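Chains as they are written, first to last, in my numbering: chain G, 1 to 345; chain H, 1 to 60. Just so you know, even glycine gets a beta-carbon here, dropped at the ideal spot from N, CA and C. Keep in mind the model is a prediction, meaning the values are calculated, not measured.
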């Protein structure tokens, strides 16, 4: 199967039995649909919080989600449980993805351009990107393949039926495809995803705690979790975008062990590179160090030179506009009070 | 000429600082999203990263 055989231009060819669902992450709308009557699609885990809710879509529906008001209490997503079947759709999504069963996953005519070393490989074929998802636990053939056009605005996901048969409802963009789609779409001039915990405090200020695994993101998230009128946007993945000359940090569904995810956003007020310490202190960073540390905790599409160029430029912009520190912290509540200080007012 | 300094004007030279190379640790296994996200919390259920299940590889 290839985009050439199946075509990817299905925007105006939806059959009546489609059951589209829509998610909205970082002000980016994605519609997922299927024309396959035997495939039931839905959303799993924290992504449920990012569903665009509309029980009865109409032509007037503009696809916008009501954002939780600033300071709203956080509901903890459940990472387990059955998928929710979404029936919302958007009049004009940024990305449209079609899902269907596939059966011929053996052939791959494209040129391999990246290998993650584990779950997925990326190929280029006739101007399309092809992701092949293979798990050694399942065998040598992909359990899923996904085609996207060069701008990542349209895609098709083919699922290997034998691997999914016992699932009543399938989320076609199941991790890591959803995150891969976002980092590629963002990298075309729209924003950057970073490995970070993001917190909106009671004044609506966005604090970004950046670090790789074991740096302390989960610890920080849990310390803020029950802070009155504050919201943990994510304990592990934050999307940064610049809109109207403001750098915004957005929550994502790709949570970490604290399982905290929120579809809210906050203007980025400060960046902290996490380091464990004997006391709470902030160490100023040279801009070049900050850019390097942010880049090391970002998720760039390494195979795309233009995207890398954009990400570095974007991070430079972030560093120019937002104070960046190394935060040496003790893992207790005092660090929350320390950060809540008035230094940014 | 704009490139010439006026007479008597002292040129304030920036003190020389030896260039230094700072290494930033990268974690490619995390950055490329190649593995299950973390132990038993989030990941492709079909490959064993289901909630509270066994993960075939930890990547972040």
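Chain G residues whose Cβ lies nearer than 8 Å to that of residue i
i            : result
residue 25/H : 212, 296
residue 21/H : Those do not exist, as residue 21/H stays about 11 Å from chain G at its closest Cβ, beyond 8 Å.
Distance between beta carbons of residue j and residue i, contact taken as under 8 Å
i             : j             : result
residue 311/G : residue 210/G : The pair is not a contact, with the Cβ atoms about 14 Å apart (cut-off 8 Å).
residue 219/G : residue 331/G : 5 Å
residue 32/G  : residue 172/G : 6 Å
residue 207/G : residue 269/G : 6 Å
residue 106/G : residue 141/G : 7 Å
residue 318/G : residue 240/G : 6 Å
residue 187/G : residue 267/G : Not really, about 22 Å apart at Cβ, beyond 8 Å.
residue 152/G : residue 184/G : 5 Å
residue 265/G : residue 249/G : 6 Å
residue 156/G : residue 98/G  : 5 Å
residue 138/G : residue 163/G : 6 Å
residue 293/G : residue 273/G : 5 Å
residue 108/G : residue 194/G : Incorrect: roughly 32 Å between the Cβ atoms, too far for contact.
residue 305/G : residue 170/G : Incorrect: roughly 35 Å between the Cβ atoms, too far for contact.
residue 161/G : residue 115/G : With a Cβ gap of about 26 Å, residue 161/G and residue 115/G do not count as contacting.
residue 262/G : residue 230/G : Their Cβ separation, rounded to whole angstroms, is 11 Å, which puts residue 262/G and residue 230/G out of contact at 8 Å.
residue 285/G : residue 326/G : 6 Å
Residues that DSSP places opposite residue i in a beta bridge
i             : result
residue 26/H  : Residue 26/H is not bridged to any residue.
residue 145/G : 132/G, 158/G
residue 33/G  : 98/G
residue 121/G : 115/G, 132/G
residue 322/G : DSSP output for residue 322/G lists no bridge partner at all.
residue 152/G : Partner(s): none; residue 152/G has no beta bridge.
residue 231/G : 200/G
residue 237/G : 195/G
residue 21/H  : Looking at the DSSP assignment, residue 21/H forms no beta bridge with any residue, so it has no partner.
residue 41/G  : 170/G
residue 209/G : 197/G, 272/G
Proximal residues of chain G, C-beta to C-beta of residue i below 9 Å
i            : result
residue 11/H : Within 9 Å Cβ-Cβ: nothing; residue 11/H doesn't reach chain G, min ~25 Å.
Which of helix, strand or coil DSSP assigns to residue i
i             : result
residue 115/G : strand
residue 254/G : coil
residue 55/G  : Its pLDDT being 33, under 50, residue 55/G is placed unreliably by the model, and the measurement read from it follows with that caveat. In this structure, residue 55/G counts as coil in the three-state DSSP scheme.
residue 334/G : helix
residue 25/G  : strand
residue 346/G : Shown here, chain G extends from 1 to 345; a query on residue 346/G therefore has no answer.
residue 105/G : coil
residue 50/G  : helix
residue 327/G : strand
residue 164/G : helix
residue 341/G : coil
residue 66/G  : Here residue 66/G scores only 32 on pLDDT, less than 50, and its place in the model is too uncertain to base an answer on.
residue 71/G  : Residue placement at residue 71/G cannot be trusted, given a pLDDT of 33 that sits under 50; the coordinates are not used to answer.
residue 13/H  : coil
residue 20/G  : coil
Amino acids of chain H, ordered along the chain, whose beta-carbon sits closer than 7 Å to that of residue i
i             : result
residue 299/G : 31, 33
residue 289/G : 22
residue 293/G : 24
Chain-ordered neighbours of residue i on chain H, where CB pairs are closer than 9 Å
i             : result
residue 305/G : What residue 305/G touches in chain H: nothing, since even the nearest Cβ is about 16 Å away.
residue 195/G : 27, 30, 31, 60
residue 117/G : 28, 29, 32, 34, 35
Beta-carbon neighbours of residue i, restricted to chain H and to distances below 8 Å
i             : result
residue 120/G : 33, 34
residue 179/G : 33
Legend entry - Entirely enclosed alpha helix (DSSP H) segments - the segment 170-207 of chain G, minimum 4 residues: 177-186
Inset, instruction - Scan the segment 247-318 of chain G and note each continuous beta strand (DSSP E) run of 3 residues or more that stays entirely inside, going in chain order. - result: 265-276, 281-284
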